[in-house]
Amino acid sequence: MSTTSSAAAQIRSRVPRLAEAAVERARLTVVPARRVRAARVPFVTLVTVLLLGGVVGLLLFNTQMQQASFAATALEKQAGDLAARQQTLTMEIERLRDPQTIAQRATRLGMVVPAAPAFLDLDTGAVEGDPLPAGPEGRLPINPGPPALPAALNPAPEVVTVEAPPEGVLAEDRGNGGRNSGDTARGDGRGGDGGGRNAQESQQSQDSRQNQQNQQNQQQARR
Amino acid sequence: MRRTRPTRGRRGSLRGSPQARLRVGFVLIAMVLSVFGGRLVQLQGVDPGSYAAMAAAEGTTEVLLPARRGDILDRNGEPLANSVDGLMVVADPKLTADKAPEIATFLARRLDVDYARTLERLREPGSRFEYLARQVPSTLADDVVSEARERGYDGILTRRDPVREYPAGDVAANLVGALGTPDPEEGDQPLVGLELAFHHWLAGKDGSARYAVGGGNKLPLGDNVEVAPVDGKDLVTTLDRELQWYAQRVLRQTVQSSRAESGFAVVLDSRTGDILTLADHPTFDANAPELAKKEDRVSRALGDVYEPGSVEKVLTAAALIDAGKVTARTRITVPPLLQRQDSPIGDWFDHGEIKLTLAGVIAKSSNIGTVLAADNFEPGQLRDYLVDFGLGAKTGIGAPGESGGILPSGAMWTDQTEDRIAFGQALSVNAVQMAAAVNTIANGGVRVDPNLIKGTAELADGTEVGTDTATRRRVVSEDAARQTMKMMERVIDPDAGVAPGAAVPGYRVAGKTGTAQRAVDGGYHGFTVSFAGFAPADDPRFTVYVVVQDPGNGGGGGSVAGPAFSKIMGYALRRYGVPPTGTRPSRLPVEW
Numbered sequence: 137m138s139t140t141s142s143a144a145a146q147i148r149s150r151v152p153r154l155a156e157a158a159v160e161r162a163r164l165t166v167v168p169a170r171r172v173r174a175a176r177v178p179f180v181t182l183v184t185v186l187l188l189g190g191v192v193g194l195l196l197f198n199t200q201m202q203q204a205s206f207a208a209t210a211l212e213k214q215a216g217d218l219a220a221r222q223q224t225l226t227m228e229i230e231r232l233r234d235p236q237t238i239a240q241r242a243t244r245l246g247m248v249v250p251a252a253p254a255f256l257d258l259d260t261g262a263v264e265g266d267p268l269p270a271g272p273e274g275r276l277p278i279n280p281g282p283p284a285l286p287a288a289l290n291p292a293p294e295v296v297t298v299e300a301p302p303e304g305v306l307a308e309d310r311g312n313g314g315r316n317s318g319d320t321a322r323g324d325g326r327g328g329d330g331g332g333r334n335a336q337e338s339q340q341s342q343d344s345r346q347n348q349q350n351q352q353n354q355q356q357a358r359r
Numbered sequence: 002m003r004r005t006r007p008t009r010g011r012r013g014s015l016r017g018s019p020q021a022r023l024r025v026g027f028v029l030i031a032m033v034l035s036v037f038g039g040r041l042v043q044l045q046g047v048d049p050g051s052y053a054a055m056a057a058a059e060g061t062t063e064v065l066l067p068a069r070r071g072d073i074l075d076r077n078g079e080p081l082a083n084s085v086d087g088l089m090v091v092a093d094p095k096l097t098a099d100k101a102p103e104i105a106t107f108l109a110r111r112l113d114v115d116y117a118r119t120l121e122r123l124r125e126p127g128s129r130f131e132y133l134a135r136q137v138p139s140t141l142a143d144d145v146v147s148e149a150r151e152r153g154y155d156g157i158l159t160r161r162d163p164v165r166e167y168p169a170g171d172v173a174a175n176l177v178g179a180l181g182t183p184d185p186e187e188g189d190q191p192l193v194g195l196e197l198a199f200h201h202w203l204a205g206k207d208g209s210a211r212y213a214v215g216g217g218n219k220l221p222l223g224d225n226v227e228v229a230p231v232d233g234k235d236l237v238t239t240l241d242r243e244l245q246w247y248a249q250r251v252l253r254q255t256v257q258s259s260r261a262e263s264g265f266a267v268v269l270d271s272r273t274g275d276i277l278t279l280a281d282h283p284t285f286d287a288n289a290p291e292l293a294k295k296e297d298r299v300s301r302a303l304g305d306v307y308e309p310g311s312v313e314k315v316l317t318a319a320a321l322i323d324a325g326k327v328t329a330r331t332r333i334t335v336p337p338l339l340q341r342q343d344s345p346i347g348d349w350f351d352h353g354e355i356k357l358t359l360a361g362v363i364a365k366s367s368n369i370g371t372v373l374a375a376d377n378f379e380p381g382q383l384r385d386y387l388v389d390f391g392l393g394a395k396t397g398i399g400a401p402g403e404s405g406g407i408l409p410s411g412a413m414w415t416d417q418t419e420d421r422i423a424f425g426q427a428l429s430v431n432a433v434q435m436a437a438a439v440n441t442i443a444n445g446g447v448r449v450d451p452n453l454i455k456g457t458a459e460l461a462d463g464t465e466v467g468t469d470t471a472t473r474r475r476v477v478s479e480d481a482a483r484q485t486m487k488m489m490e491r492v493i494d495p496d497a498g499v500a501p502g503a504a505v506p507g508y509r510v511a512g513k514t515g516t517a518q519r520a521v522d523g524g525y526h527g528f529t530v531s532f533a534g535f536a537p538a539d540d541p542r543f544t545v546y547v548v549v550q551d552p553g554n555g556g557g558g559g560s561v562a563g564p565a566f567s568k569i570m571g572y573a574l575r576r577y578g579v580p581p582t583g584t585r586p587s588r589l590p591v592e593w
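Heads up: the sequence lines are chains A and B, in that order.
For the first sequence, the working numbering assigns the number 137 to the initial residue and increments by one for each residue that follows.
For the second sequence, the working numbering assigns the number 2 to the initial residue and increments by one for each residue that follows.
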């Protein structure tokens, strides 16, 4: 290498310096490689910040979500409790609004169901119907009677069959009971207490006897 | 360096040759790896699914999202049945046995449970799950359990247990029915009534949610599968809760004071056929159905068929007038006793030969007069009319347990049968059928289907029922209906008729009594007394039908059912603000 370069120098020196400047200008030389050294610190800082920011952000996001989840669970529970509470209160209201409860309270205040309504015509001022105060006849037993006695205290009545009393003969004429007569043998309406009880007199009396017996049994059992 | 060499040599001799060491090492590694390999095959090859499932189950919970059961409402939206969240309180006896007496005392005080039984359950040996209380309102159950925890009682837990609440107790209970104690696996257990018939409509479909949990909280990014529940649909009935309540109380008073076996009452809106009331006695408290007898839990008004008696004369008369055979003024000579093919027919009252108009026959409820008038029918004509009136066929209102009654047909329809059917024996009906038939007269001769469901609802078999599907048809002419109405008004007349007790002061009322022999097990025993009518007579708004079975006081349709009719009708007219029409009642002659 050193020999060739020195040879070149010799040639150069030997060549007459013709348009030396132009030759000099035309000569190509290798441009020295330029090494651009970017500053390292900002880049590293940026990456670190990004990385840290990402990790911390993710962590915060995650924590935030967990917090939200806790809050959601707590709120859901609260909502459930409140819904249950509301339902219980609604149930209470419904019990108080029950027609039976209202009627009991009204009865306790001495209120009765009015008999006949009266209407006031707002155009003419005329009153239709008899505006009478409600009387005690509107009283209605609203409470159930005492519960029935348990079977042990209320045995089935012993039925004793007896000869039909003489008035039963009368019933024969009218075709007592049975599918054949098939008519309304008992009185409609007033007939119940009036004239129409001949056909079923015997049966009727037997029924009432049974009832009496039943009541006696009950009384005995109570004693 | 030279000095260390011999020591190395000595150590080397201790470790043996490198080749031997390597071999041993490889064998050891191969053994460990083959164990891993075997385990891998076991996990992945033999049964991979179950392990995956176990892994997934760890930290994943699956919860049931219960569907809400639809409410049963009355026509004004008042609840007849609604659902409330409830909990069951259960115990783990393994944890509770030690403190059983204290816990039992605490629970007996707070939950109103039996001390002795609770104590026994808390100590149940070998068990890990015992019911302590069922269907407790959830607020109360939660309070009790958290208080128990504060007191240091372990092993008291809650589980879901929905409560069906019937706020009005026995009001419409026979119709609405009841739910039994829910089965933990299968859910609601409908027992009777609309609850049973419309179970599919009301029930809805439960959903479920599966998600990963950590420390009792849902993991935000974990697995999350949710199937939303489909709530049941509400069932809106045409009933009026207040009127229903009043009718039930009147009915109870009527049945008890007449020492009757049972009774039922129907209130129809004359124009639409809506069933405003379907009352039954005896009834039961829907909140405690297990305390009632089984036969008291169904609707007798639908299931108990009976012979309607004289109320049916109204249908016969309307049909006769429509067929152009008679008018309200047709004169009939009524003998004391009518001899027919197989048996004599008599009247309920003793009389010689009397002269009644058709109006008088109805007003006095004469069997003989009705049979004589019905002789004008062509063969089979009466039956066709009765079929048109809706007898012999189910009303199809949607409530379960309806019995269609019997209208004889074919060979069963003989002349003798026809005679008796003309005055309401030898055929059987249910109360809603009969009320709808009488309502045909009230509605100017047009029969409207009775309805129990407002709008539409679907039964389990897909049948749609309700006001939307109701039909109307003309049965008798408007003129025939009006003449029949006028005759029915004479029944209430204190002088001409037999049921002045059914009058509603201030209003024109048309009605008819019925006192029929009651068929029990193939023979006649006791009576069915009834009263059907409508008001205001010249512009009917309501049709009320009251039936009392086997009164023990010897009363008839007018004296037992009439006053009950009057009370229920009066209440309905007042409640709906129906003013009197102010016209004069009919003055049709009853005698000639």
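Virtual Cβ for every residue (Gly too), placed ideally from N, Cα, C.
Query - CB-CB length for Pro537 (chain B) against Val579 (chain B), believed under 8 Å - result: The count along the second sequence starts at 1 and reaches residue 537 (chain B) at position 536. The count along the second sequence starts at 1 and reaches residue 579 (chain B) at position 578. The pair is a contact, with the Cβ atoms about 7 Å apart (cut-off 8 Å).
Query raised in the report: Would a check of beta-carbon distances place Pro183 (chain B) closer than 9 Å to chain A?
Result: As a working note, residue 183 (chain B) is residue 182 in the second sequence. Output row for Pro183 (chain B): interface = no.
Requested in this report: Check the C-beta distance from Gln136 (chain B) over to Met89 (chain B) and give it rounded, since I have them as a contact under 8 Å.
Outcome: Translated into the one-based positions of the second sequence, residue 136 (chain B) becomes position 135. Translated into the one-based positions of the second sequence, residue 89 (chain B) becomes position 88. Indeed they touch by this definition, with Cβ atoms about 7 Å apart.
Query raised in the report: Given that a residue counts as buried once 16 or more other Cβ atoms are within 10 Å of its Cβ, and exposed if not, what is His282 (chain B)?
Result: As a first step, residue 282 (chain B) must be located in the second sequence, where it is residue number 281. Buried, since its Cβ has 16 or more Cβ neighbours within 10 Å.
Report task. Using a Cβ-Cβ cut-off of 9 Å, state whether Pro272 (chain A) counts as contacting chain B. Result -> The residue given as residue 272 (chain A) occupies position 136 in the first sequence. Cβ-Cβ to chain B under 9 Å: no for Pro272 (chain A).
Report task. Mind listing the chain A neighbours of Lys219 (chain B)? Cutoff is C-beta to C-beta under 8 Å, in chain order. Result -> In the second sequence, the residue the question calls residue 219 (chain B) occupies position 218. The answer, in chain order, is Ser205, Ala208, Thr209.
Query raised in the report: So, using beta-carbon positions, are Asn368 (chain B) and Ser311 (chain B) closer together than 9 Å?
Result: As a working note, residue 368 (chain B) is residue 367 in the second sequence. As a working note, residue 311 (chain B) is residue 310 in the second sequence. Yes, these two residues count as a Cβ contact at 9 Å.
Query - Beta carbon proximity, Gln240 (chain A) to chain B, threshold 9 Å - result: Translated into the one-based positions of the first sequence, residue 240 (chain A) becomes position 104. No, its Cβ sits nowhere closer than 9 Å to a Cβ of chain B.
Query raised in the report: Nearest to Ala374 (chain B) by CA position, among B:Val335, B:Gly527, B:Lys365, is which residue?
Result: Here residue 374 (chain B) corresponds to residue number 373 of the second sequence, with the count starting at 1. Comparing Cα-Cα distances from Ala374 (chain B) to each of B:Val335, B:Gly527, B:Lys365, the minimum goes to B:Val335.
Query raised in the report: Any idea what DSSP makes of Gln356 (chain A), helix, strand or coil?
Result: Translated into the one-based positions of the first sequence, residue 356 (chain A) becomes position 220. Confidence at Gln356 (chain A) is low in this model, with a pLDDT of 45, below 50, so its placement is unreliable and the value that follows should be read with caution. In this structure, Gln356 (chain A) counts as helix in the three-state DSSP scheme.
Requested in this report: Answer yes or no: do Phe532 (chain B) and Thr514 (chain B) have a C-beta to C-beta separation smaller than 9 Å?
Outcome: As a working mapping, residue 532 (chain B) is identified with position 531 in the second sequence. As a working mapping, residue 514 (chain B) is identified with position 513 in the second sequence. In this structure, Phe532 (chain B) sits near Thr514 (chain B), with a CB-CB distance shorter than 9 Å.
**Report entry** Span of the beta strand (DSSP E), counted from its first residue to its last, around Leu65 (chain B)
**Finding:** Translated into positions along the second sequence, residue 65 (chain B) becomes position 64. Run containing Leu65 (chain B): 61 to 66, per the beta strand (DSSP E) assignment.
Query - Separation of Thr331 (chain B) from Pro337 (chain B), as counted between CA atoms - result: What you label residue 337 (chain B) is simply residue 336 of the second sequence in a count that begins at 1. What you label residue 331 (chain B) is simply residue 330 of the second sequence in a count that begins at 1. In a straight line, the C-alpha of Pro337 (chain B) is about 19 Å away from that of Thr331 (chain B).
Query raised in the report: Measuring CA to CA, which of B:Thr273, B:Asp224, B:Ala109 is closest to Ala56 (chain B)?
Result: Residue numbering aside, residue 56 (chain B) sits at position 55 when the second sequence is read from its first letter. It is B:Asp224.
Query - Leu574 (chain B) classed as buried or exposed, judged by whether at least 16 other C-beta atoms fall within 10 angstroms - result: Numbered from 1 along the second sequence, position 573 holds the residue referred to as residue 574 (chain B). When all chains shown are included, Leu574 (chain B) counts as buried.
Query - Interface flag, Thr297 (chain A) vs chain B, CB-CB below 9 Å - result: Here residue 297 (chain A) refers to the residue found at position 161 when the first sequence is read from its first residue. False, the Cβ-Cβ gap to chain B never drops below 9 Å.
Query raised in the report: Which bits of chain B does Val249 (chain A) rub up against, with CB to CB less than 9 Å?
Result: Counted from its first residue, the first sequence places residue 249 (chain A) at position 113. Residues of chain B passing the Cβ test: Tyr247, Lys568, Gly571, Tyr572, Arg575.
Query raised in the report: Shorter than 9 Å from the beta carbon of Arg3 (chain B) to some beta carbon of chain A?
Result: Position 2 of the second sequence, counting from 1, holds the residue named residue 3 (chain B). Confidence is the limiting factor: at Arg3 (chain B) the pLDDT is only 48, short of 50, which leaves the residue's position unreliable, though a coordinate-based value still follows. Closer than 9 Å: no.
Requested in this report: Determine, using beta-carbon pairs with one atom in the stretch 228 to 240 of chain B and one in the stretch 499 to 513 of chain B, whether at least three such pairs fall under 8 Å.
Outcome: no
Query raised in the report: By DSSP, does Pro286 (chain A) sit in helix, in strand, or in coil?
Result: Counting from one through the first sequence, the residue named residue 286 (chain A) turns up at place 150. Pro286 (chain A): coil per DSSP, three-state reduction.
Report task. Step through the CB atoms of chain A and report whether any lies within less than 9 Å of the CB of Ser139 (chain B). Result -> Translated into the one-based positions of the second sequence, residue 139 (chain B) becomes position 138. With 9 Å as the cut-off, Ser139 (chain B) counts as an interface residue toward chain A.
Report task. Using the Cα positions of Glu243 (chain B) and Pro401 (chain B), report the straight-line distance between them to the nearest angstrom. Result -> As a working mapping, residue 243 (chain B) is identified with position 242 in the second sequence. As a working mapping, residue 401 (chain B) is identified with position 400 in the second sequence. Taking the straight line joining both Cα atoms gives about 23 Å.
Query raised in the report: Are the stretch 277 to 292 of chain B and the stretch 168 to 176 of chain B touching, with three or more C-beta to C-beta distances below 8 Å?
Result: yes
Report task. Kindly say whether Gln214 (chain A), judged by its beta-carbon, lies nearer than 9 Å to any beta-carbon of chain B. Result -> Locating residue 214 (chain A) in the first sequence gives position 78, where the first residue counts as 1. It does not; no Cβ of chain B falls within 9 Å.
Query raised in the report: In terms of DSSP beta bridges, what is Glu273 (chain A) paired with?
Result: Mapped onto the first sequence, residue 273 (chain A) falls at position 137. Looking at the DSSP assignment, Glu273 (chain A) forms no beta bridge with any residue, so it has no partner.
Query - Unbroken beta strand (DSSP E) run spanning Gly527 (chain B), endpoints - result: As a working note, residue 527 (chain B) is residue 526 in the second sequence. Unbroken beta strand (DSSP E) run through Gly527 (chain B): 524 to 536.
Query raised in the report: Hey, quick one: how far does the beta strand (DSSP E) through Asp184 (chain B) stretch, first residue to last?
Result: Counted from its first residue, the second sequence places residue 184 (chain B) at position 183. Element bounds for Asp184 (chain B): 179 to 184.
Query raised in the report: From Gln484 (chain B) to Thr582 (chain B), what distance separates their C-alpha atoms?
Result: Against the second sequence, residue 484 (chain B) aligns to sequence position 483. Against the second sequence, residue 582 (chain B) aligns to sequence position 581. Straight-line Cα distance between these residues: approximately 18 Å.
Query raised in the report: Is DSSP giving Leu188 (chain A) helix, strand or coil here?
Result: Reading the first sequence from its first residue, position 52 is the one you call residue 188 (chain A). If DSSP states are grouped into helix, strand and coil, Leu188 (chain A) belongs with the helices.
Report task. Classify Met247 (chain A) as helix, strand or coil using the three-state DSSP reduction. Result -> Against the first sequence, residue 247 (chain A) aligns to sequence position 111. Of the three classes helix, strand and coil, the one that applies to Met247 (chain A) here is coil, per DSSP.
Query - Proximal residues to Tyr167 (chain B) (C-beta, below 6 Å), its chain only, five neighbours per side dropped - result: Translated into positions along the second sequence, residue 167 (chain B) becomes position 166. Ala82, Ala287, Asn288.
Query raised in the report: Grouping DSSP H, G and I as helix and E and B as strand, with all else coil, what is His352 (chain B)?
Result: As a first step, residue 352 (chain B) is located in the second sequence; it is residue number 351 there, counting from the start. Coil.
Query raised in the report: Within 9 Å (strictly less), CB to CB, does Ala169 (chain B) reach chain A?
Result: As a first step, residue 169 (chain B) is located in the second sequence; it is residue number 168 there, counting from the start. With 9 Å as the cut-off, Ala169 (chain B) counts as an interface residue toward chain A.
Query - chain A contact for Asp113 (chain B) (CB, 9 Å cutoff) - result: As a position in the second sequence, residue 113 (chain B) is number 112, starting the count at 1. Taking Cβ atoms only, chain A never reaches closer than 9 Å to Asp113 (chain B), which makes this a no.
Requested in this report: Flag this pair as touching only if the stretch 451 to 468 of chain B and the stretch 406 to 423 of chain B have three or more C-beta atom pairs under 8 Å; answer yes or no.
Outcome: With the rule of 3 Cβ pairs closer than 8 Å, the stretch 451 to 468 of chain B does not count as touching the stretch 406 to 423 of chain B.
Report task. Leaving aside the five residues before and after Val493 (chain B) along the sequence, list all residues of the same chain whose C-beta is less than 7 Å from its C-beta, in chain order. Result -> As a position in the second sequence, residue 493 (chain B) is number 492, starting the count at 1. At residue 493 (chain B) the sequence reads Ile, which differs from the Val that was named. If we look at Ile493 (chain B) and ignore the five residues flanking it on each side, its Cβ neighbours are Ala500, Pro501, Ala503, Ala504, Val510, Gly512.
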